[in-house]
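These protein sequence lines are chains A and B, in that order.
Letter by letter, the first sequence follows residues -17 to 323 of this note's numbering.
Letter by letter, the second sequence follows residues 24 to 266 of this note's numbering.
To start, the structure itself, in structure tokens.
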Amino acid sequence: MKGNEALVRGAIAAECRAFFGYPITPQNEVPEYMSQYMPDAGGVFIQAESEVAAINMVYGAASAGIRAMTSSSSPGVSLKMEGLSYIAGAQLPCVVANVQRGGPGLGNIAPAQGDYFQAVKGGGHGDYRLLVLAPWSVQEMHDLTVLAFTLADKYRNPAMILSDAIIGQMLEAVELPDKVENCIPQKPWAANGAKGRGRNYITSLYIAPETLERINLDIQAKYRQARKHEVRYQEFMVDDADIVLVAYGCMARICRTAMKLSREKGCKVGLFRPISLFPFPSERLAELAAAGKRFMVVELSAGQMVEDVRLSVNGAAEVDFYGRLGGIVPSPVEIMEQVVR
Amino acid sequence: MKKIFGRPKALTDVTMAYCPGCTHGIAHRLVTEIIDELDVMDHTVAVCPVGCAVFMYEYLECDTIEAAHGRAPAVATGVKRCLPDRVVFTYQGDGDLAAIGTAEIVHAATRGENISVIFINNAIYGMTGGQMAPTTMLGQHSTTTPGGRQQARAGYPIKVCELLSSLEGVTYAARVSLTSPANVVKARKSIKTAFQRQIDRKGLSIVEILSTCPTNWGMTPLDAMAHIDKNMSLYYPLGVFKE
């Protein structure tokens, strides 16, 4: 099935019971499949009037204690930034999928990875981060979406699936589990009607600076926990590698082939694929740097994740970059040629 | 001796921070009286706006959600669709509903969301110090229309009830004021209808309450009330626009 459909199946399997979305290429299949699967599962589907409305509907459903999700692509995700800041500030769980396309502005509908900064550094205002997962296969579009709901509930923070037009649109075989074990926590804080308890209120407004500082410190503490427990990555042939390619999502697949082609040419190349973009696998990269590796970061952008790789190695290793823009996707041969040079 | 009047149970025992002469106090009171009368407090969810009523959660005993500016109808939609048996209402000012939130209210209305909308129209932006609102009247002074609102620069004021009444998903639209006991009684009746229609799943209800802002109008509380009767009600006529 298509990556976009697997994303939907993963959400349903994770007991997401509310989807609010808006059409935008290349993720139109997501609201389309959701319009069928979500009501079939007894959940709520609305095609909202805009991506702004959709993220605010998610905010409402999440406030009421429901697992809720929205999806979009780059320009539409920009529209959600206000809502995501509010969701993070109110410490609510939700999942957002970004099937990236060419930008900035209206860009085009070809694949890109230009939203890394927006996703990982927080495109909305304030000191918050998203928990970001980057699938590189249709299987991961399913499995990482399930994980995203788990993480969102665990940390009471929005989680993002950062995908792209290739992963969203490609067709691959998927193994769908018969049943997913979801340990959905109790949500005694939810605003769902104060029967038998005092009132709850969901807010990100804290007028007293002392209170807002405390809330912010609580939120930062969650991110410290996430950095300890939720780092995920995959390595290929790094042990004897001189050069380690660093890439995520579709570029990681292309780099894996480039790695093999480079090996055939006699170059000792490995691949490091971050799966969690926040929290970033900084420690492992620092280890590889200390072991004498050089890095080449490959992205469909002008260079965004490369900054986090540089921060991770902290001057201990050479970090080169190769990227293409505008939706141009380099071939493995093109990458291999860069490596060999 | 029989007790015939008191604080509604749904209204907290907290001193309100609103200005002297502000009709938010009366509006909050009427909404909470209706919540008591319909006995729905333990399954009501209120969605508060950005504006002076951003602190409304301090005054309500029911669950409350603070929405981003203008987004309350979308937030309310998220809650109501997931938990359809809860009573969900939004309480919004003129900037929240008729400026930044125009898309959200129009689409919640046209979808016929079973929510109740309390729209506080005081023709000015109170919280931020008196700038023009979409409902500021022509010739009315505001800090961003010095010399009075001119149509050439700032366009015409919006008549929200009239606008929303054209949408099929709207089951009830009424404009009321709070300038006299008689008007307060009518307002209360409209608010009750707005909540009852939700319970009966008839669609979206909106009660537009012409409200005072003595501070930013530069008037005394009594003059402000008179201004609604003598001026605002001429442009924004009271009445039921859809039922």
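Ideal Cβ positions, reconstructed from N, Cα and C, are used throughout, including at glycine.
Bear in mind that the values here come from a model prediction, so they are computed numbers and not experimental data.
Unbroken beta strand (DSSP E) stretches of 3 residues or longer found wholly inside the region 104 to 142 of chain B: 110 to 116, given in chain order. Taking C-alpha positions only, A:G84 is separated from A:G309 by approximately 5 Å.
For A:T127, the three-state secondary structure derived from DSSP is helix. In its chain, beyond the 5 residues on either side, A50, I69, L74, P75 and C76 have a beta carbon closer than 7 Å to the beta carbon of A:A44.
Scanning its chain for C-beta atoms nearer than 6 Å, with the 5 sequence neighbours on each side dropped, one finds around B:I251 the residues S200, T202 and L233, in chain order. Closest in alpha carbon position to A:L270, among A:M219, A:T239 and A:E319, is A:M219.
In the structure shown, A:I310 falls within a coil segment according to DSSP collapsed to helix, strand and coil.
If you check the CB distance, B:I143 and B:H66 do not come in under 8 Å. Considering only A:E265, A:V78, A:A203 and A:R111, the residue with the shortest C-alpha distance to A:P13 is A:V78.
Put simply, of A:S32, A:A46 and A:K250 the residue whose alpha carbon is nearest the alpha carbon of A:S60 is A:S32.
In terms of Cβ geometry, A:G(-15) and A:Q151 form a close pair [threshold 8 Å]. Rounded to the nearest whole angstrom, the C-alpha separation of A:T52 and A:S313 is 32 Å. Between A:C232 and A:V280, the gap from beta carbon to beta carbon reaches 8 Å or more. Counting C-beta atoms within 10 angstroms of its own C-beta, B:V208 has fewer than 16 neighbours from the protein chains shown and is therefore classed as exposed. Interface with chain A (8 Å Cβ-Cβ cutoff): B:G153 is excluded. Where A:L61 is concerned, there is no enclosing beta strand (DSSP E), although the alpha helix (DSSP H) around it starts and stops at S56 to L61. Residue-level contact check: B:V98 touches chain A, since one or more beta carbons of chain A fall below 8 Å from its beta carbon. Contacts between B:G101 and chain A, judged by CB atoms closer than 9 Å, involve A0, F2, V26, I28, N38, M39, V40, Y41, G42, A43, A44, S45, A46, I48 and A50 in chain order. When the beta-carbon positions are compared, A:L199 and A:Y98 stay at least 8 Å from each other.
Secondary structure at A:D22: helix, using DSSP grouped into helix, strand and coil.
For A:E300, no alpha helix (DSSP H) run applies, since DSSP gives it neither H nor E.
Take B:D119, set aside five residues on each side of it, and the residues of its chain with a beta-carbon closer than 8 Å to its own are P72, V73, G74, H92, G93 and A95, in chain order. A direct Cα-to-Cα measurement between B:K182 and B:Q154 gives close to 18 Å.
For A:K177, the C-beta contacts it makes with chain B under 7 Å involve D65 and H66, in order along the chain. Sorting B:I141, B:A99 and B:R104 by C-alpha distance to the C-alpha of B:G116 places B:I141 at the top. If you check the CB distance, A:A268 and A:S294 come in under 8 Å.
Using a CB distance cut-off of 8 Å, B:T87 counts as an interface residue toward chain A. Under a 10 Å Cβ-count criterion, A:C165 is classified as exposed, with fewer than 16 other Cβ atoms of the shown protein chains found around its own Cβ. By the rule that beta-carbons nearer than 8 Å mark a contact, B:L120 does not touch chain A. Under DSSP, B:Y195 takes part in a beta bridge, and its partners are B:S228.
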